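A.B. asks:
Residue numbers (the UniProt record's numbering): 1 to 168.
1. The alpha helix (DSSP H) with residue 66 in it runs from where to where?
2. For residue 21 and residue 61, which I take to be in contact (beta-carbon distance under 8 Å), what is that distance rounded to the nearest angstrom?
3. With 16 other CB atoms within 10 Å as the buried threshold, where does residue 17 fall?
4. Helix, strand or coil for residue 81? Go by DSSP, reduced to three states.
5. Compute the distance between the beta-carbons of residue 55 and residue 85, then report whether it is under 8 Å.
6. Run the CB neighbour count on residue 5, radius 10 Å, all protein chains shown included, and call it buried at 16 or more, exposed below.
7. What three-state label does DSSP hand residue 1 in the structure shown?
8. Residues bridged to residue 166 by DSSP?
9. Buried or exposed: which applies to residue 48, given that a residue is buried once 16 or more other Cβ atoms fall within 10 Å of its Cβ?
10. Going by C-alpha to C-alpha distance, which of 31, 66, 25 and 90 sits closest to residue 19?
11. My assumption, with CB atoms under 8 Å, is that residue 28 sits in contact with residue 93. Please give the rounded CB distance.
12. CA-CA distance, residue 24 and residue 144?
13. Using 7 Å as the cut-off, classify the Cβ of residue 163 as near or not near the heavy atoms of the ligand ADP, replying yes or no.
14. Quick check on the DSSP output: the alpha helix (DSSP H) that includes residue 42 runs from which residue to which?
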């Protein structure tokens, strides 16, 4: 009976060990110690994990901040013990830029409200738009000032600057 309970406990422990991920706010040291505890519990239950497998599962559960570390670790085929990996990860975490807390959002409330041509609520008829979704206000360009009246033949309509008479 105890052997069956140990098997169930081992199965549950393997599942939690495999699914364990580092939380964004938590330090990498706490995460590695937690994972190291899972490895020790599995050893106590008689299930010894290979060093490479346990290190691989630890590296797999790290946050996105450690992508560079994991790539470097795998490229150089570093075969470290969990304790050495723990020290390396803590050193790498010290070099990471600090994340700002909750980003502050500033809202500016304007005094001016853009008004669109509003129809009365009871009016029926065509809507602005293509009939899909909500009606959106239509952009109405400002009218361009018309050009001032220009004469067809300005030289004929003006007075001569020599004799002061119209039309030469």
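Each residue gets a CB set at the ideal place from its N, CA and C atoms; glycine is no exception. None of these values were measured; they are calculated from a predicted model.
C.D. replies: Checking against the coordinates, here is how it stands:
1. Premise fails: residue 66 is in no alpha helix (DSSP H) and is neither H nor E.
2. 5 Å
3. buried
4. Three-state result, residue 81: coil.
5. yes
6. exposed
7. No answer about residue 1 holds up, because its pLDDT of 48 lies below 50 and its placement is not dependable.
8. 159
9. Classification of residue 48: exposed, given that the 10 Å Cβ count is below 16.
10. For the residues 31, 66, 25 and 90, the minimum Cα distance to residue 19 belongs to 31.
11. 5 Å
12. 56 Å
13. As far as ligands go, the structure on display features none, and thus does not contain the ligand ADP.
14. 28–44
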